[in-house]
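Participant: Reading the sequence shown from the start, the letters are residues 52 to 629 in the numbering used here. Every residue, glycine too, gets a C-beta built ideally from N, C-alpha and C.
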Amino acid sequence: MSRRRVVLLSAGSLLLLLVVLGLLVGWRAMEVNDSLQQAVRDAEALQTALESGEQEDIDGALSALQESAGESADLTDGPLWSLATWVPYVGDDASGVRTAARVVSDLADNGVGPLAETATQLDRLLPKDGRVDTDAVRDLQQPVAIAAESLMAASEDLQAEDSSRYIDRFRVKYRELTSLVSDAARAMDSAQVTVGLLPEVLGAEERRNYLLVFQNNAEIRATGGLPGAMSIISTEDGRISLGRQDSANQFGERATPVLPLTEDEKAVYTEKLGTFVLDANFTPDWPRAAELMRARWEEVHPERLDGVLTLDTVAVSYLLGVTGPVQVGDYSLTSDNAVDTLLNQAYIDFPEPAAQDAFFRLVAKTVFEKVASGEIGKPRELLRALVRAGDEGRVAVHLTDDLEQKTIAARRVAGATRDADGVAKGLDVTLLDGTGSKMSYYLDYRTRASVTACTAETARVRVTTTLVSAPPDDPSSLPRYITGGVNTGTKPGDQLVQVRLLTPSDGRIRAFTIRGKKYGPRSLFLEDRQVSTAYLLLEPDQPADVTWVVDVPRRGEIPVRVTPGIDPRDYSSTLRGC
Numbered sequence: 052m053s054r055r056r057v058v059l060l061s062a063g064s065l066l067l068l069l070v071v072l073g074l075l076v077g078w079r080a081m082e083v084n085d086s087l088q089q090a091v092r093d094a095e096a097l098q099t100a101l102e103s104g105e106q107e108d109i110d111g112a113l114s115a116l117q118e119s120a121g122e123s124a125d126l127t128d129g130p131l132w133s134l135a136t137w138v139p140y141v142g143d144d145a146s147g148v149r150t151a152a153r154v155v156s157d158l159a160d161n162g163v164g165p166l167a168e169t170a171t172q173l174d175r176l177l178p179k180d181g182r183v184d185t186d187a188v189r190d191l192q193q194p195v196a197i198a199a200e201s202l203m204a205a206s207e208d209l210q211a212e213d214s215s216r217y218i219d220r221f222r223v224k225y226r227e228l229t230s231l232v233s234d235a236a237r238a239m240d241s242a243q244v245t246v247g248l249l250p251e252v253l254g255a256e257e258r259r260n261y262l263l264v265f266q267n268n269a270e271i272r273a274t275g276g277l278p279g280a281m282s283i284i285s286t287e288d289g290r291i292s293l294g295r296q297d298s299a300n301q302f303g304e305r306a307t308p309v310l311p312l313t314e315d316e317k318a319v320y321t322e323k324l325g326t327f328v329l330d331a332n333f334t335p336d337w338p339r340a341a342e343l344m345r346a347r348w349e350e351v352h353p354e355r356l357d358g359v360l361t362l363d364t365v366a367v368s369y370l371l372g373v374t375g376p377v378q379v380g381d382y383s384l385t386s387d388n389a390v391d392t393l394l395n396q397a398y399i400d401f402p403e404p405a406a407q408d409a410f411f412r413l414v415a416k417t418v419f420e421k422v423a424s425g426e427i428g429k430p431r432e433l434l435r436a437l438v439r440a441g442d443e444g445r446v447a448v449h450l451t452d453d454l455e456q457k458t459i460a461a462r463r464v465a466g467a468t469r470d471a472d473g474v475a476k477g478l479d480v481t482l483l484d485g486t487g488s489k490m491s492y493y494l495d496y497r498t499r500a501s502v503t504a505c506t507a508e509t510a511r512v513r514v515t516t517t518l519v520s521a522p523p524d525d526p527s528s529l530p531r532y533i534t535g536g537v538n539t540g541t542k543p544g545d546q547l548v549q550v551r552l553l554t555p556s557d558g559r560i561r562a563f564t565i566r567g568k569k570y571g572p573r574s575l576f577l578e579d580r581q582v583s584t585a586y587l588l589l590e591p592d593q594p595a596d597v598t599w600v601v602d603v604p605r606r607g608e609i610p611v612r613v614t615p616g617i618d619p620r621d622y623s624s625t626l627r628g629c
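#1: Taking just the CA atoms, how far does E168 sit from R226?
#2: Name, in chain order, the residues that DSSP records as bridge partners for N538.
#3: To the nearest angstrom, report how far apart G77 and A145 are at their CA atoms.
#4: Keeping to the same chain, check which residues put their C-beta closer than 7 Å to that of T150; ignore five residues upstream and five downstream.
#5: Verify whether the separation of the beta carbon atoms of V390 and I617 is less than 8 Å.
#6: Could you check what DSSP says for R149 in three-state terms: helix, strand or coil?
#7: Using beta carbons (cut-off 8 Å, strictly below), is S282 in contact with chain B?
#8: Can you name, in chain order, every residue of its own chain whose Cβ lies under 6 Å from the Cβ of D408, other than the five neighbours on each side?
#9: Return the bridge partner residues of T625 from the DSSP annotation.
#10: Report the residue ranges of all alpha helix (DSSP H) runs contained in full by the region 281 to 334; include only those spanning at least 4 residues, in chain order.
#11: Any idea what DSSP makes of V464, helix, strand or coil?
#12: Quick test of your reading: P522 and P591, contact by CB under 8 Å. State the CB separation rounded to the nearest angstrom.
#13: Ends of the beta strand (DSSP E) at T361?
#14: Might you give, ordered along the chain, the residues of its own chain that have their beta carbon closer than 8 Å to the beta carbon of S501, omitting 5 neighbours on each side?
#15: I want to know whether the region 559 to 579 touches the region 527 to 541 - three or more CB-CB distances under 8 Å.
#16: Rounded to whole angstroms, how far is the Cβ of L494 from the Cβ of L518, which I believe are closer than 8 Å?
#17: Out of L433, N538, W599, state which residue places its alpha-carbon closest to the alpha-carbon of L176.
#18: Count the other CB atoms, across all protein chains shown, that sit within 10 Å of the CB of G571; report buried if there are 16 or more and exposed otherwise.
#19: DSSP beta-bridge partners for Y496?
#20: Taking the alpha helix (DSSP H) that T481 belongs to, which residues open and close that run?
#21: So within the region 385 to 458, which uninterrupted beta strand (DSSP E) runs reach at least 3 residues, ignoring any that extend past its ends?
#22: For F327 and P194, what's the separation of their Cα atoms in angstroms?
#23: Express the C-alpha separation of L262 and L356 in angstroms, rounding to a whole number.
#24: Checking 8 Å against the spacing of the C-beta atoms, do L324 and L343 come in under that value?
#25: If you drop the 5 nearest sequence neighbours on each side, which residues of the same chain put their C-beta closer than 6 Å to that of A25?
#26: For N161, which three-state DSSP category applies?
#27: Taking E578 as the reference, which of G567, K569, R559, A595 has the closest Cα?
#28: Can you tell me which of the three DSSP states Q593 falls into?
#29: Which parts of the region 211 to 260 are runs of the alpha helix (DSSP H), unbroken and 4 residues or longer, counting only runs that do not cross its ends?
#30: Can you list, in chain order, the residues of its chain with a C-beta nearer than 8 Å to that of A595? Leave out the 5 residues immediately preceding and following it.
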């Protein structure tokens, strides 16, 4: 046989082998697809069962999910599928399918399984007559830790694959799965931290005192809104009680800062950051704002605080969506009307500041008592509301104990602008009312950000914030307490707003425009973060935009944190880096 015929026969045999292998893999792929589709249906059934809270339904749905997910993993685990990963054109997809199937199976066994088995115990986490069962919290620590570890491993496995080489339809599905698992991993990581700390926070070892600060979004500040009603929440052996109540404006202004301020802080925020508790959240960094509030409270009321908690009015509306309506005086507050009532109508109905303060303290007391009673429906709904508020930056926690604070420091609920190493990895876009008014209720704004160029070391980011003030047609009909401007001379309906950008650590602002006009950014810094502020006079229904072009250190993700407003949405975003 000639050498040429041997080569042709060998090539033909190889081609035939590839064809047969392709047919076998195609058949196996159909089986895998069926199993994965069934796993999706089983996962949906499990979700429904979890919502119902019936353990028998949960056990059946979990068993079905584990079976279908396990079958998918088994079908992609043999030598045939391993060979398929080397076949031209389909090898990358085969590798991705194998990873996806293995991840789904592992999650069914180790991620979802331990949690599903404890799902019916979640009711024990609700307060009953003002007390949370700390033993029930401890019972959740192990299954939550197992699930968190499983989800983190799954997220890392999915992200390790290069999905850019997959066929379009599979690439979209794979990236959706990756995103879902990544979000779940972050959420479960936060849950692990929460259940780990909660017994101590609830006073399982000793009595704790926390300052709860309600933020008023009608007068916008960097972390959300003007500090308003302030209350002491005490915990002991799981029992939660409401103590002293004050209003932030009762603390007055000191002659000097309550804590030493850095020269950079004075230059960017002025000394009011430390002299006036109403201005302690000029900074978007909740740990710093909380330190200043705590110091001022402890100065006026000599009692040691174990932490400072905050939530804004929109977060209150989320809680009311779980608790149902609460009666506050003549008002029935609901999730639908809370924002309008608390941020606008109250100032019309109560023109005197003292009456306003009394009303807001009563709101805080009533909502607290409703939540503490435990008469609020399903615990997962409460958890969902709190998680949503935390994800949107509307709830924040700072703990006095350094070790406890370090545990939560990297989570969004900490409200920190720097990580544990002191590095600011994201951009902060903050808003501040300069009118001395409650006109932020009529303020609409959105921030858009995009990566426009990359180098070996940096990413160029374009950030634009567009604002518009939309008061009633006759703003002069509003009470002066709402329109403000007594000290600034603004007309009723106009707003003065400061829009401030803080770069990541070692970032640099390359361009800065207001309403399309170029300006040179002032060279202000907060340590290694460059700061630029736009001062805007907003007339009714006249949009204004502010744009920055910023060079930031190159990294995979770039958080863009934005002050939360009155709309029930997340104002912040995360950019995919270079």
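Facilitator: Well, looking at it:
#1: 29 Å
#2: Bridge partners of N538: none, in fact.
#3: Note that G77 scores 40 on pLDDT, short of 50, meaning its location in the model is unreliable and no value can be drawn from it.
#4: D208, L209, E212
#5: yes
#6: helix
#7: As a matter of chain content, chain B is missing from the structure shown, which is built from one protein chain.
#8: S298
#9: P610
#10: 314 to 320, 323 to 326
#11: helix
#12: 5 Å
#13: 358 to 363
#14: V512, R513, L626
#15: no
#16: 7 Å
#17: L433
#18: exposed
#19: L518
#20: Element bounds for T481: not the alpha helix (DSSP H) but the beta strand (DSSP E), 478 to 484.
#21: 446 to 450
#22: 45 Å
#23: 7 Å
#24: yes
#25: Here the chain covers residues 52 to 629 and nothing more, so residue 25 does not appear.
#26: helix
#27: R559
#28: coil
#29: 219 to 252
#30: T517, L518, V519, I565, R566, L587, L589
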